[in-house]
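Under numbering that gives the first Met the number 0, think of the first position of the sequence shown as 0, with each following residue one higher. Idealized CB from N, CA, C, for every residue including glycine. All values reported here derive from a predicted model rather than from experimental measurement.
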Amino acid sequence: MAPPPDDHDCGWKGYAEAMAAKVDALASELAALKRQVHGKKSERRKSSKMPAAVTHKPTPEQTAEKRRATKAAREAKLETEIVPVPLPPAQCACPKCGATELRVVGDGKSSVVIEYVPSYFRRRVYQRETRACRCGEYIVTAPAPDRVGEGTRYAPSFVAHLVVSKCADAGAQHRLEKAYARTGVPIARSTMNDLFHRAADELRPLWSRMRVRVRVASHVNADETSIVMQDRTSKAFVWTFVTADLLFYEFAVSRSGETPVRVLAESTGAIQCDAYSGYNKITKPGRRTRAGCLAHARRKIFECRELAEATEALNLIRGLYRVEHDAKRAGVVGSDAHAEMRRTRSRPLYARLLCWARRVRATNAPKTKFGKAARYILTNHRELGRFLGDAALAIDNNAAERALRRVALGRKNFLFVGNEQAGRNLAVLYSLVATAEHHGLNPLEYLTDVLTRVGKEREVDALLPDRWKPPDPAG
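Here is the structure:
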């Protein structure tokens, strides 16, 4: 909607200008909603025309070698069976001379086939020897097998499979119920619920120790997302606090700032998060230094990408990310060399981004999306630029956002948590499963062992995912 001409002056001019701004804002909001429902969610753009930094481009041979090494590393975890395939007798005669004694050439040719071996559950009956003394005063029985909790017949491996299916694969329990039935285990959902919560009770000491370590970490990434709690009119929330070694989750019935206070208490260091006011209590003077998320700023600009002015800012942000890409490629992330790259290359780009934001704010109404994007950058420019002076800080808060993907996926599958305690138990198990996967562990193998040992080990730290060692097969 076009505003009234400048030479037009009447009592309705101000009203018309306000309506024009409102119509533009509503049109922008409608377009965003249509993109959300029907369009692509990706924020990728075609490569900009900005000159790339001078880097050594790998040769085709190097690229192929890296691809082979990556494939070999992935397949190294697979159980491998060598199957000899003898030559059929009909092919042991030479069609040229008729000789029937052909010599063996090397080890032959290898053909690799990846097969699926159906998984299964088994019922194992332990016949525990019992002996009695002739005096009739003493009787003893061999130890019972390991179980999760008292009075259950399910082994740690079964409970670990249940936890991984829900926390790593976002499996809904009604689907797991059918899957277990197909393998001959007719287990009720109520029993699965009980086992899930028993596992959380057993593993809670590890989760508590993780929280202590998060509290003393120098750099923490934090974010939160909503989840439905049954029989509750308002949403509950799952918070994540990510360090270099741990992915920690905390459940809360509200989004108030009490959760960051409860987790990080009086700690100092840096916390990377968005501009949500819930983190204000832990970022006061003498507490944690707040760092912003450039991905949030970019997202607000990306929503206005149809406008010509947005391209300039998106290209500047692309340049900032290119510096991070080059640092990662050179293997210097977090080092003095990385800090120098940010000083010489990132600072000028960030200064230009701030100049762009000031120019846009001066020429766009505050309530338009473009005006809001510029205002977000200028209001939070200190926090957004904090990474320039600390090489240990990331350029964005994507580490925490990635950690919440499993929560969002679970929200789509099992929909809700039953009550507050169920939410807390889910956070306990999310923390252990996510951290195990972060360190390249098989969470099923990890949880099976830890559920067996957690009540016997004196040192809880040895069972945490970043310090856990697989049991020695030799005993």
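By DSSP's criteria, residue i is part of a beta bridge. Which residues make up the other side?
i       : result
Ile-138 : Ala-131
Leu-246 : Val-241
Gly-268 : Arg-287
Ala-251 : Phe-236
Phe-415 : Val-227
Is it buried or exposed, residue i, if we count other Cβ atoms within 10 angstroms and call 16 or more buried?
i       : result
Ala-52  : Model confidence at Ala-52 stands at a pLDDT of 48, short of 50, so the residue's coordinates are unreliable; what they give is reported in the following sentence. By the 10 Å Cβ count, Ala-52 comes out exposed.
Ala-221 : buried
Cys-166 : buried
Thr-447 : buried
Ala-435 : buried
Leu-25  : exposed
Met-209 : buried
Tyr-125 : exposed
Thr-451 : buried
Gly-183 : exposed
His-160 : buried
Asn-363 : buried
Leu-392 : buried
Met-18  : exposed
Lys-455 : exposed
Gly-105 : exposed
Ala-309 : buried
Glu-60  : exposed
Arg-381 : exposed
Ala-287 : The sequence given here places Arg at residue 287; Ala does not occur at that position. By the 10 Å Cβ count, Arg-287 comes out buried.
Cys-303 : buried
Ala-178 : exposed
Gly-107 : exposed
Arg-423 : buried
Gly-135 : exposed
Gly-285 : exposed
Ala-361 : exposed
Ala-307 : exposed
Flag this pair as yes or no: are the beta carbons of residue i and residue j separated by less than 8 angstroms?
i       : j       : result
Val-322 : Arg-344 : yes
Ala-274 : Gly-291 : yes
Val-162 : Phe-415 : no
Thr-79  : Cys-91  : no
Ala-426 : Tyr-137 : no
Trp-206 : Leu-431 : yes
Ser-276 : Arg-214 : no
Leu-348 : Gly-318 : yes
Tyr-153 : Leu-101 : no
Gly-148 : Arg-197 : yes
Thr-242 : Ala-264 : no
Phe-301 : Leu-313 : yes
Asp-168 : Pro-155 : no
Gln-172 : Phe-413 : yes
Tyr-429 : Arg-405 : yes
Pro-259 : Lys-280 : yes
Glu-257 : Phe-236 : no
Arg-212 : Leu-175 : no
Val-459 : Glu-201 : no
For the beta strand (DSSP E) containing residue i, list its first residue and its last residue.
i       : result
Asp-222 : 218-228
Ile-281 : From DSSP, Ile-281 is part of no beta strand (DSSP E); its letter is neither H nor E.
In terms of residue numbering, what span does the alpha helix (DSSP H) encompassing residue i cover?
i       : result
Gly-318 : 307-329
Glu-419 : 419-437
Cys-354 : 346-362
Gly-370 : 368-378
Lys-177 : 172-181
Phe-157 : 155-166
Asp-193 : 188-215
Tyr-445 : 442-452
Phe-301 : 293-301
Leu-387 : First-last for Leu-387: undefined, no H or E at that position.
Leu-114 : Sequence inspection shows Glu at residue 114; the Leu mentioned does not correspond to that position. Segment: none, Glu-114 is in no alpha helix (DSSP H) and carries neither H nor E.
Leu-263 : 257-263
Asn-397 : 397-402
Ala-89  : Where Ala-89 is concerned, there is no enclosing alpha helix (DSSP H), given that its DSSP letter is neither H nor E.
Glu-149 : Element bounds for Glu-149: n/a, residue is neither H nor E.
Glu-339 : 335-340
Report yes or no: is there a C-beta of chain D within less than 8 angstroms of the C-beta of residue i?
i       : result
Thr-232 : Annotation note: the requested chain D is absent from the structure, which comprises a single protein chain.
Exercise for review: Would you check if there are 3 or more beta carbon pairs closer than 8 angstroms linking the segment 296-315 to the segment 356-373?
Suggested key: The segment 296-315 is in contact with the segment 356-373.
Point to revise | Inter-stretch contact at 8 angstroms, needing at least 3 Cβ pairs: the segment 362-374 / the segment 394-407 | key: The segment 362-374 is not in contact with the segment 394-407.
Check your understanding: Taking contact to mean at least 3 C-beta pairs separated by less than 8 angstroms, is the segment 333-341 in contact with the segment 386-393?
Key -> Touching, per the Cβ criterion.
Point to revise | Cβ contact (3+ pairs, closer than 8 angstroms) linking the segment 436-445 and the segment 461-468 | key: Yes: at least three Cβ pairs fall under 8 angstroms.
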